[in-house]
Structures are given as C-alpha cells and as structure tokens.
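Numbering (mature numbering (1 follows the signal peptide of the UniProt record, and there is no 0)), first residue to last: -21 to -1, 1 to 352.
Ideal Cβ placement from N, Cα and C applies to all residues, glycine included.
Keep in mind the model is a prediction, meaning the values are calculated, not measured.
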Amino acid sequence: MKPKCLLALLAVTCASSLCMAQTASIAEDFKPSTFNQPGQEYPQVNSQGYARFRIKAPQSDSIKVSLGLGGRGGTKLTKGADGFWTGTTEGPMDEGFHYYHLTIDGGVFNDPGTLNFYGSTRWESGIEIPAHDQDFYALKDVPHGNVQQILFPSKSTNTQRRAFVYTPPGYEKDKSKKYPVLYLQHGWGEDETAWSNQGHANLIMDNLIATGKIQPFIIVMTYGMTNDVKPGPGAFKSFKIDHFQTVLTDELIPYVDASFRTRADRAHRAMGGLSMGGMETHMITLNKPELFAYYALLSGGTYSPDELKDKTKPKLIFISCGSKERPDGVKNAVVALKGAGYDAVSYISENTAHEFLTWRRSLYELAPLLFKE
C-alpha cells in the first residue's frame, strides 16, 4: 500500500473510532425541552447538555440546525427512510436558554416542535438546557406577582407604545403601599417580551421575595428602539439614543408614575439592561443622572470614574458579564470605580457567555442590592 493511501486509511479509522467513542459517551436519557409546544417530543436535551432534533421533511435534501458548538456551523441532520431528519449536537451546550433556527434546502425556518421567542430581530425557536442552579428561576408554589401589558402614548414618535410591567405579590391587596421601580432593557434584536419570556425575570423576583432576600419593587420593560434599523452588517451604528431617551424619560416614566403606585423619586428608581440595553443604560444614566440612583450594566459595557465626575453620584453601580466574555474588563472597571469613591459591584457568571443564563444570574445578584434604605 502506498504511504499516502496508508495515511488516508489511518485518518479515516481514527475519525471513525472518535465518532464511535463520542456516540458511546452520550447518555441516552433525553427528554423534551421545557420550551416545547404541547405534545411535541422534540427537540430534546439530556443530562449532559446535548440537544437532539427530529424534523419531518420527506421532500427535503438537507437540514441543518444553527445550534451547535462554536465555530462548527451548527448541527447537520441525517435523513431516515421514514422521512424524518435527526441529529444530535456534537457536544454539550452551555446551560440555559438558546435561540436557534433550521436551514432547510437553503431557506431559514423555525422548528415546529418548540416555542418561538423574539430575538435576532425575528421570532426564533428556543431551547432550554437545564442549568445546575436553575432553582432560582424555577416556577414554584410561592406567591406570584403579575406581568401586565401597558400601552402608553408617545407624542415624540406619534405612536402608542408598549411596555410590560411586573408588580410584586401583594401589590393589589395593600392599596396604600408604594414601590421603587427598575427600568430593565432588553438586548439588540429582542423586544419588551424578552425579560419575561427568555429571562424569567418575574419568577426570579417571586422567588427572591418569597425567601425574604429583597424588598419588593416594580420592573418596567419596554422596547428599546424607536427608529427602523434594519438587520445586517453595521446596522447598529445607525441607532441613536436621543429618541429612545425621550420616550423613556419624558413619556414612559411619567406614565408609570401616574398609573402605578411608585415611589416617584430618584432614590427609588433604577435603570439596567443587557447588552444593547446596557449601552442604553450607560448613555441615559450619564445624560440624566438626576433620574436614577442605581445603574446596572449586564454584558453591556462599563463606567469609568472620569465620565461620572461632576455628576450626581449614583448609590450603586452594578456591572456583570459571563466568564466567557470579558470578565477582566468588568473587574478592572469596578476596582477603578471603588478607588474613586463609588459603591460598585462586579459579578461574573461562571461558564456562560453572551446569553440569558448570564443575565438571569445577574438579575438574581442585582435585585438584593437595589433600594436598600
């Protein structure tokens, strides 16, 4: 046998052995994802964090799932004689929530087996990889708050705009009690539904309140875009903060204060956001420091002492990210802020990247620090 042929045979043999070893190591304890539509068995996840997909498309020639190991281009499915395409991710996924879609014969589609969530500027499929610490955002038998949709007038945009408002358990019973407010923003490509649907913000709050770890407060979540930015390379550069700042500070905050029992002063008002929402928080709190006493950037940049100098001093600055992002930048920023006399806190979510488990954990860490008397 020629040397080149021998090398090729060895390569194929090793690759086959590796694939067999990997397949043998996957635990066959797959269960439907908690986000599946009623009665749907797929997608599934196992105890190791692998995801498995099964799609019926007998006339199709190729199907690929966008979810997969970083840099590998997703997960290719294999067609069976029954017309079903199946496949399992090459390795375990990060714990928590993930967006994904299907590419079928070159077209992009959602998985019919699972629920859709607004992300990436479109409604996409979602899957939940169970996290070892998921208890803090689990649905439990505790008193629950209420998430309600509000429609508020915006003269600056000549539209009726939407927000979602979380009111804590007991809000409807004691009509004399007033509450602080956190204005909490979503990320690029998402909308005002994200923090409740993907982030479980209401369940995180319910569980914290039930254990007495926080003082109850209201959360307001609204859409962070006012201009028609189209998706694509460089699209975000066309986004300007001015219009959204007007909507938030001149229209939404007065509407919330008039419609809900809020403690309508700076000392009882916070702003935070994830990713793009962190950028919005950063800019608006610097522009309007007289409105907010608490700042929170979740994978959304940092503050420096220089840009805060000569402005109304915040009571707290909270900065977080995942350990797979840029944790040193977060830690160093907080060290600098503390050195300049600011009350600043950093939080790093272990083994997560720019994803919702990072932000769920961040909210869980942030909430007990807010509105301390």
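Open item on the list: Once the 5 residues before and after F297 are set aside, which same chain residues still bring their CB inside 6 Å of it?
Closed with: Counting only Cβ-Cβ distances below 6 Å, and skipping sequence neighbours, we find A275, V324, L345.
TODO: Let me know if K290 comes out buried or exposed under the rule of 16 or more other beta-carbons within 10 Å of its beta-carbon.
DONE: Exposed, since its Cβ has fewer than 16 Cβ neighbours within 10 Å.
TODO: Can you tell me which of A30, I197, L182 puts its alpha carbon nearest to the alpha carbon of K156?
DONE: Out of A30, I197, L182, I197 has the C-alpha closest to the C-alpha of K156.
TODO: Compute the beta-carbon to beta-carbon distance between E74 and G28, rounded to the nearest angstrom, for a pair I have assumed lies under 8 Å.
DONE: At roughly 7 Å, the Cβ-Cβ gap stays under 8 Å, so E74 and G28 are in contact.
TODO: May I ask which residues mark the beginning and end of the beta strand (DSSP E) holding residue 355?
DONE: There is no way to answer for residue 355, as the model of the chain reaches only from -21 to 352.
- [ ] Compute the Euclidean distance between the alpha carbons of Q194 and L295, then round it to the nearest angstrom.
- [x] Distance between the alpha carbons of Q194 and L295 is about 16 Å.
Task: Closest by C-alpha distance to G320, when choosing among E151, L287, G59 - done: The shortest Cα separation from G320 among E151, L287, G59 belongs to L287.
Open item on the list: Run through the DSSP bridge pairs and tell me what P11 is partnered with.
Closed with: Note: P11 sits in a beta bridge opposite Q23.
Task: Span separating the alpha-carbon of A312 from that of D285 - done: Distance between A312 and D285, taken at the CA atoms: about 11 Å.
TODO: Could you tell me which residues DSSP pairs with Y158 in its beta bridges?
DONE: Bridge partners of Y158: T241.
Open item on the list: With the cut-off set at 8 Å, would you say T68 and G47 are in Cβ contact?
Closed with: A Cβ-Cβ contact shorter than 8 Å links T68 with G47.
TODO: Return helix, strand or coil for T337, following the three-state DSSP convention.
DONE: T337 falls in the helix class under three-state DSSP.
Task: Q128 vs F143 beta-carbon contact at 8 Å - done: Against a cut-off of 8 Å, the Cβ pair of F143 and Q128 comes out as a contact.
Task: Q164 - DSSP class collapsed to helix/strand/coil - done: Strand, per DSSP.
Open item on the list: By the three-class DSSP mapping on this structure, what secondary structure does E329 have?
Closed with: Note: E329 maps to coil in three-state DSSP.
Open item on the list: DSSP three-state label for S133, please.
Closed with: Strand at S133.
- [ ] Starting from the N-terminal side, write out each stretch of the beta strand (DSSP E) that is 3 residues or longer and does not extend beyond the region 87 to 145.
- [x] Here the runs fully enclosed are 95 to 98, 101 to 108, 125 to 133.
TODO: Label T190 either buried or exposed according to how many other C-beta atoms from any shown protein chain fall within 10 Å of its C-beta, with 16 as the threshold for buried.
DONE: With fewer than 16 other Cβ atoms within 10 Å, it is exposed.
Task: Exposure label - T(-9); buried when at least 16 CB within 10 Å - done: Legend: pLDDT at T(-9) = 41, less than 50; position of this residue unreliable, value from coordinates given subsequently. Residue burial is scored here from C-beta neighbours: T(-9) has fewer than 16 other C-beta atoms within 10 angstroms and is therefore classed as exposed.
Task: Those runs of the beta strand (DSSP E) which lie wholly inside the region 286 to 318 and span at least 3 residues - done: Taking only runs of at least 3 residues, the beta strand (DSSP E) segments lying wholly in the region 286 to 318 are 295 to 301.
Task: Three-pair Cβ contact test at 8 Å for the region 245 to 263 versus the region 164 to 179 - done: Short answer: they touch.
Open item on the list: What residue range does the beta strand (DSSP E) around T82 cover?
Closed with: Run containing T82: 81 to 83, per the beta strand (DSSP E) assignment.
- [ ] Would you tell me roughly how many angstroms separate the C-alpha atoms of D112 and H222, rounded to the nearest one?
- [x] Cα to Cα, D112 sits roughly 39 Å from H222.
Open item on the list: Let's test the definition: count the other Cβ atoms within 10 Å of the Cβ of D90 and tell me whether it reaches 16, buried, or not, exposed.
Closed with: Residue environment for D90: buried (at least 16 other C-beta atoms within 10 angstroms of its C-beta).
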